[in-house]
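Take a look at the structure set out below.
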Amino acid sequence: MRQCATHTYDAIFMDIQLPDIDGYHLTQALREKYPHLIDTPVIAITASSDSENERRCKSAGITAIVCKPIRAEYLAETLLQALNLPKS
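Mapped onto my numbering, the consecutive letters of the sequence shown carry residue numbers 1330 to 1417.
Here is the structure:
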């Protein structure tokens, strides 16, 4: 999180299951603490694709969700979409 104070990123991949804080709360904290990241896409990496998880992601400010196990083509498609870039 400290690197976010001085760096900008094209996108952030956020694991929902973290040791000390979950990805929902960490995303909210990043968005609140670092205003320069407010428009940076945050892509959740999670094993759960249920509607409750989707609702929590949306309310936390997470842009998109990629479910484990990860398919490379879906990850690439999600990243391009989050960055508003055309598919190649």
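Just so it is clear, CB atoms sit at the ideal spot from N, CA and C, and this is done for glycine as well. These figures come from a predicted structure and were not determined experimentally.
Problem - Unbroken stretches of the alpha helix (DSSP H), 4 residues or longer, contained in the segment 1382 to 1406 - result: none
Problem - Range of the contiguous alpha helix (DSSP H) that encloses Ala1358 - result: Segment Gly1352 to Lys1362, the alpha helix (DSSP H) holding Ala1358.
Practice task
Indicate whether Gln1410 and Thr1375 have their beta-carbon atoms separated by less than 9 Å.
Solution key: It is not a contact, given that the beta carbons lie outside the stated cut-off.
Handout entry: Beta bridge counterpart(s) of Ile1374 as assigned by DSSP
Key = In DSSP, Ile1374 forms a bridge with Asp1344 and Val1395.
Problem - Minimum C-alpha distance to Ala1373 - residue among Pro1364, Thr1392 and Arg1360 - result: The shortest Cα separation from Ala1373 among Pro1364, Thr1392 and Arg1360 belongs to Thr1392.
Problem - Rounded separation between Glu1361 and Ala1389 - CA only - result: 11 Å
Handout entry: Whole-angstrom distance between Glu1406 and His1365, CA atom to CA atom
Key = Between His1365 and Glu1406, the alpha-carbon positions lie close to 25 Å from each other.
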